[in-house]
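Q:
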């Protein structure tokens, strides 16, 4: 149940960001749910491989290269999902940063509900 709520909250964050950011487009709520699922899977499977392969660059940039890795994950999801579009690397970086921020807020609300 918690996993379903996290996916739905992530989809909500994707929809909110697609309304705010001019170069991010999601055509439906179902597409937003698919984006949330695909991003979760890519972060679970592909991101650790990219982090290990780019470890020297990440160390040299003091971790800032992780922003590029997150943008690559977003752009990969863009290529995999019809109805989801991010125009360029800079918009993918901004989308990634704001998505992480919004997810942390929404997930903290979920944790507060569990305590009561």
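Residue numbers (the numbering used here): 485 to 600. For every residue, glycine included, the Cβ atom is placed at its ideal position computed from N, Cα and C. Fair warning: this is a prediction, and the values are worked out from it, not measured in the lab.
Given that a residue counts as buried once 16 or more other Cβ atoms are within 10 Å of its Cβ, and exposed if not, what is residue 543?
A: exposed
Q: Pull up the distance between the alpha-carbon of residue 572 and that of residue 585, whole angstroms please.
A: 20 angstroms
Q: Identify every run of the beta strand (DSSP E) within the stretch 525-596, keeping only runs that are complete inside it and at least 3 residues long; order them along the chain.
A: Unbroken beta strand (DSSP E) stretches of 3 residues or longer found wholly inside the stretch 525-596: 568-570, given in chain order.
Q: Report, in whole angstroms, the separation of the C-beta atoms of residue 561 and residue 522, which I expect to be a contact under 8 angstroms.
A: 5 angstroms
Q: Buried or exposed: which applies to residue 528, given that a residue is buried once 16 or more other Cβ atoms fall within 10 Å of its Cβ?
A: exposed
Q: Can you list, in chain order, the residues of its chain with a C-beta nearer than 6 angstroms to that of residue 553? Leave out the 5 residues immediately preceding and following it.
A: 534
Q: With which residues is residue 508 paired in a DSSP beta bridge?
A: 570
Q: Rounded to the nearest angstrom, what separates residue 537 and residue 559 at their Cα positions?
A: Their Cα atoms are separated by approximately 18 angstroms.
Q: Under 9 angstroms, do residue 505 and residue 568 count as touching if we go by C-beta distance?
A: no
Q: Just how far apart, CA to CA, sit residue 551 and residue 576?
A: 9 angstroms
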